[in-house]
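So the sequences go chain by chain: A and B. When we follow our numbering, the leftmost residue of the first sequence carries the number 141, and every step to the right adds one. When we follow our numbering, the leftmost residue of the second sequence carries the number 141, and every step to the right adds one. Just below is one structure, and these are the notes that go with it.
2 protein chains.
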Amino acid sequence: MKLGEGVEAAIHCAATLAGVDGNSTMPAAALAECFGLSPSYLLKHLNMLTASGILESVPGPAGGYRLARPAERITLLDIVLAVEGREPAFRCGEIRQRGPAKLDASAYVKPCGINAAMLKAERAYRAALDEVRLSAIVADYVSEADPRSVAAGCAFVERHQRPQRSVQKVQPSKA
Amino acid sequence: MKLGEGVEAAIHCAATLAGVDGNSTMPAAALAECFGLSPSYLLKHLNMLTASGILESVPGPAGGYRLARPAERITLLDIVLAVEGREPAFRCGEIRQRGPAKLDASAYVKPCGINAAMLKAERAYRAALDEVRLSAIVADYVSEADPRSVAAGCAFVERHQRPQRSVQKVQPSKA
């Protein structure tokens, strides 16, 4: 089972954006710099988050990204599904219906038990991710991480956030 | 999040092998035929299961595969880990330690909270898979699936299983 590397970047960026003031934004370049990532690599994931309604973007040279809703209403599941897609990890190819013992479709009306068991486990995974709010990730970071790291993170956000007058939203591809 | 297609094949093959008599084996070619899979594709996964101690193989033209222990002692987690590897789905690249705000290593002694939350969810997933025994998959199939499908599956196993005198084990690559 594998998650793309983009999940880590997406969660860290969303947590960082939870720290900007009011409706300020941060440019993708600053977020990329913050985590030592290529801006073009990161932009793909920021646009996925925007397309899923987790982030919103303000266009133009003074624009950037911000959370589209409060961090209390964003869960790790929201972010994982935005980046990885909503398809189940286990993809049933219905191989039970192949081979020489194949019967007509009426013999396969009930779902395959293997698929059902795999999907049940995945529901447990998603439920666990859905319990973790982005606000809790940030709160834990502030209270648990090394204070020097918290101070450096806050200073970085302070330095790179850009106040916005409007609450203009645009499509992810225009950001 | 994605699981390889081999997981479906591996579980179906293990469930099929739970139906062979005594220490009989089934050749890889029969298992491939049963699910309409390429034998070379399937062999890779059968060898993973053998390397993980879920299957054992008997070499030679009259050989094949069988479960290495009773189906009651094989879980879906065993099979998924055998095929997908034991690494977590979420791989933390410690991107928190990159970028211009990077501090010395002493600031990152505590694990990243994002990684911890992702791993916790994965433990829930694995626990759910570990609750499902291969014997339960087979029992549910026998009691729930269309009787024609069960009869065809049993007839296929009956036709292709090969009685073995010894309990000889070999390395997966020799199978």
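Where a beta carbon is used, it is the ideal one built from N, C-alpha and C, also for glycine.
Would you report the Cα separation of residue i and residue j, rounded to the nearest angstrom?
i	j	result
MET258(B)	GLY193(A)	21 Å
LYS250(A)	ALA285(B)	7 Å
PHE175(A)	THR215(B)	39 Å
LEU186(B)	ALA150(A)	36 Å
ALA222(B)	VAL297(A)	43 Å
GLU262(B)	GLU145(A)	16 Å
ALA279(A)	ALA202(A)	29 Å
ALA229(A)	ARG273(B)	20 Å
ALA169(B)	VAL290(B)	20 Å
ARG305(A)	ASP218(B)	55 Å
LYS95(B)	GLU148(B)	Chain B is shown from 141 up to 315; residue 95(B) falls before or after that span and cannot be answered.
PRO301(B)	ALA208(B)	The sequence given here has Gln at residue 301(B), not Pro. Distance between the alpha carbons of GLN301(B) and ALA208(B) is about 15 Å.
LEU189(B)	CYS153(B)	10 Å
ARG206(A)	VAL220(A)	18 Å
GLY159(A)	GLY233(A)	43 Å
ALA245(B)	ARG238(B)	11 Å
SER164(B)	ALA155(B)	14 Å
PRO240(B)	GLU271(A)	32 Å
LYS242(B)	LYS142(A)	28 Å
TYR248(B)	ALA172(B)	49 Å
LEU269(B)	PRO303(B)	32 Å
VAL198(A)	LEU157(A)	13 Å
ALA256(A)	ILE277(B)	10 Å
PRO179(B)	SER178(A)	42 Å
SER275(B)	ARG231(B)	32 Å
ALA267(B)	GLU224(A)	22 Å
LYS260(B)	PRO210(A)	24 Å
Quick one: is residue i near chain A, going by C-beta distance under 7 Å?
i	result
TYR181(B)	no
ALA241(B)	yes
LYS142(B)	yes
ARG238(B)	yes
LEU216(B)	yes
TYR205(B)	no
LEU221(B)	no
GLY193(B)	no
ALA245(B)	no
ALA261(B)	yes
GLU196(B)	no
Would you decide whether residue i is buried or exposed? Buried here means 16 or more other CB atoms lie within 10 Å of its CB.
i	result
PRO120(B)	Residue 120(B) is absent from the model: chain B starts at 141 and stops at 315.
GLY162(B)	exposed
GLU196(A)	buried
CYS294(B)	exposed
ARG226(A)	exposed
GLY204(B)	buried
VAL282(B)	exposed
TYR181(A)	exposed
GLY253(B)	buried
ARG288(A)	exposed
ARG299(A)	exposed
ALA315(A)	Summary for ALA315(A): the model assigns pLDDT 42, below 50, so the residue's position carries little reliability; its value from the coordinates is reported in the next sentence. When all chains shown are included, ALA315(A) counts as buried.
ALA191(A)	exposed
ARG236(B)	buried
ARG213(B)	exposed
Does any residue of chain B have a CB that is nearer than 7 Å to the CB of residue i?
i	result
VAL272(A)	yes
TYR265(A)	yes
GLY200(A)	no
LEU269(A)	yes
GLU212(A)	no
ALA229(A)	yes
Give me the chain E residues within the contact set of residue i, using Cβ-Cβ distance strictly less than 7 Å, ordered along the chain.
i	result
ARG226(B)	Here chain E cannot be found, since the structure's protein chains are A and B.
> Enumerated in chain order, which unbroken segments of the alpha helix (DSSP H) with a length of 4 residues or greater are wholly contained in the region 171 to 225 of chain B?
Replying inline: 179 to 191 and 216 to 224
>> Tell me which residues of the region 278 to 310 of chain B have at least one Cβ-Cβ distance to chain A shorter than 8 Å, keeping chain order.
In response: ASP280, TYR281, GLU284, ALA285, ASP286, ARG288, SER289, ALA292, GLY293, ALA295 and PHE296
>> Against chain B, which members of the region 143 to 170 of chain A pass a CB distance test of less than 8 Å?
In response: LEU143, GLU145, VAL147, GLU148, ALA149, ILE151, HIS152 and ALA155
> Taking the runs of the beta strand (DSSP E) that are 3 residues or longer, which of them lie wholly in the region 224 to 288 of chain B?
Replying inline: none
>> Against chain B, which members of the region 248 to 259 of chain A pass a CB distance test of less than 9 Å?
In response: TYR248, VAL249, LYS250, CYS252, GLY253, ILE254, ASN255, ALA256, ALA257 and MET258
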